[in-house]
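Visitor: Attaching a single structure in structure tokens format; questions to follow.
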Amino acid sequence: MSVHRVAVLALDGMSPLDLAIPLQIFRSRTGTPYEISVCGPTGLAPTSNGLPLAVTNGLDVLRAADTLIVPGFDPGVAPQPEPVPPAVLDALATARDQGRRVVSICTGAFALAEAGLLDGLHATTHWQYTDELEREYPAVHVDRDVLYVDEGDILTSAGVCCGIDLCLHIVRRDLGAVVANQIARGIVAAPHREGGQAQYVPAPVAVTGETALAKTRAWALERLGQPLAVAQLARHAGLSERSFMRRFVNETGTTPLQWLVDARLGLARELLETTDHSIDLVARDSGLGSAANLRLHFRRALSTTPTAYRRAFTRGGSSPSGIGDRTTAGRR
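The sequence shown begins at 2 in the working numbering and counts up by one.
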């Protein structure tokens, strides 16, 4: 597998956490092709908490990267936002023109928008800045209630920790569910959660303190191959169906049935990657029933087929032909 260069752009006023997220997820590991570095237009970049960061790589690293990541930074307050250096805007525009992948975390979307990369596309940013992004860049379709948006070569995430979800989504696109889940376990993060469409992922954000249903979700994950109804889940949780539905949505941001579909699709992906089971058997063991139903969910969620997914990501088979192969995710 050839090396895939990831460059993280350090802008003045950036969030240290937004910078740390890609550095942790895309660091070099056995079985992954990533090589990550930090670059910037200046040698010293002040962070949003006042801590200065020494940046030893210039924008030449950005121009040579296969994936460019812009962490969140203080975009300033309209009508006098902090300007993004012209050299940075030129490098981002060139990357887009050359078909390279450009990613933003949190308010990093403002740099992408200023460079014209988001014109005509759906995008998101921190909820405190969605109004400003929409007002300052009317050509951008701002999605407010999502963790992140995948538009193929251009990806944006909502605030701060949503960058973890986006980076894991990228790993899953590149290398498959098994590798992404291994990294998620290593950083003690929730595994990737699918949405109704590959590029619009509903935000399953837990309400602070409301994690009473964690045991019920863990119980369900051990029984995905079995029929599971809301009534069974509610009984396990010791709640009425109405109370269970309300609490479940509060904790996960999605309904129990959609959560089950997403979990079963994730299990199906792992089975396709790690076993030689037939499509019928994968559908049965993942709880999706029939091969036809499995194909339907793969087409809706991933814009591909189970067979094509297995060809791209199976162990011992052909390795991914290209990092970020958009036949598996992120296409409209």
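Virtual Cβ for every residue (Gly too), placed ideally from N, Cα, C.
From residue 231 to residue 245, what distance separates their C-alpha atoms?
Guide: If you take the alpha carbons of residue 231 and residue 245, they lie about 8 Å apart.
Visitor: Indicate the three-state DSSP secondary structure (helix, strand or coil) for residue 86 in the structure shown.
Guide: DSSP places residue 86 in coil when its eight states are reduced to three.
Visitor: Can you tell me whether DSSP reads residue 170 as helix, strand or coil?
Guide: Looking at residue 170 - three-state DSSP - the assignment turns out to be helix.
Visitor: Are there 16 or more other CB atoms within 10 angstroms of the CB of residue 210, so buried, or fewer, so exposed?
Guide: The predicted position of residue 210 is uncertain, since its pLDDT is 41 and thus under 50; a value taken from the coordinates is nonetheless stated next. Classification for residue 210: exposed.
Visitor: Can you grab the Cα-Cα spacing for the pair residue 38 / residue 27, in whole Å?
Guide: Taking the straight line from one Cα to the other gives about 10 Å.
Visitor: Which residues in the same chain have their Cβ closer than 8 Å to the Cβ of residue 295, if we skip the five residues on either side of it in sequence?
Guide: Answer for residue 295: 269, 280, 283, 284, 287, 289, 307, listed in chain order.
Visitor: Let's see if you can read the secondary structure: which residues bound the alpha helix (DSSP H) around residue 159?
Guide: That residue, residue 159, is in no alpha helix (DSSP H); it is neither H nor E in DSSP.
Visitor: Of all the alpha helix (DSSP H) runs that stay within the bounds of the stretch 244-320, which reach a length of 4 or more residues?
Guide: With a minimum length of 4 residues, the continuous alpha helix (DSSP H) runs that stay inside the stretch 244-320 are 257-275, 280-286, 292-303, 307-314.
Visitor: Near residue 109, which residues of its chain fall below 6 Å by C-beta distance, leaving aside the five closest residues on each side in sequence?
Guide: If we look at residue 109 and ignore the five residues flanking it on each side, its Cβ neighbours are 71, 72, 73.
Visitor: Skipping 5 residues on each side, what residues in its chain have a beta carbon closer than 6 Å to that of residue 138?
Guide: Only 114 meet the Cβ criterion.
Visitor: Quick check: what's the CA-CA separation for residue 158 versus residue 22?
Guide: Cα-Cα distance, rounded: 12 Å.
Visitor: Run through DSSP, which three-state label would residue 195 get?
Guide: Below a pLDDT of 50, predicted positions are generally treated as unreliable, and residue 195, at 42, falls in that range; the measurement from the model is reported next regardless. In this structure, residue 195 counts as coil in the three-state DSSP scheme.
Visitor: Figure out for me which residue from 147, 148, 111, 146 has the closest Cα to the Cα of residue 136.
Guide: With distances taken between Cα atoms, residue 136 lies closest to 111.
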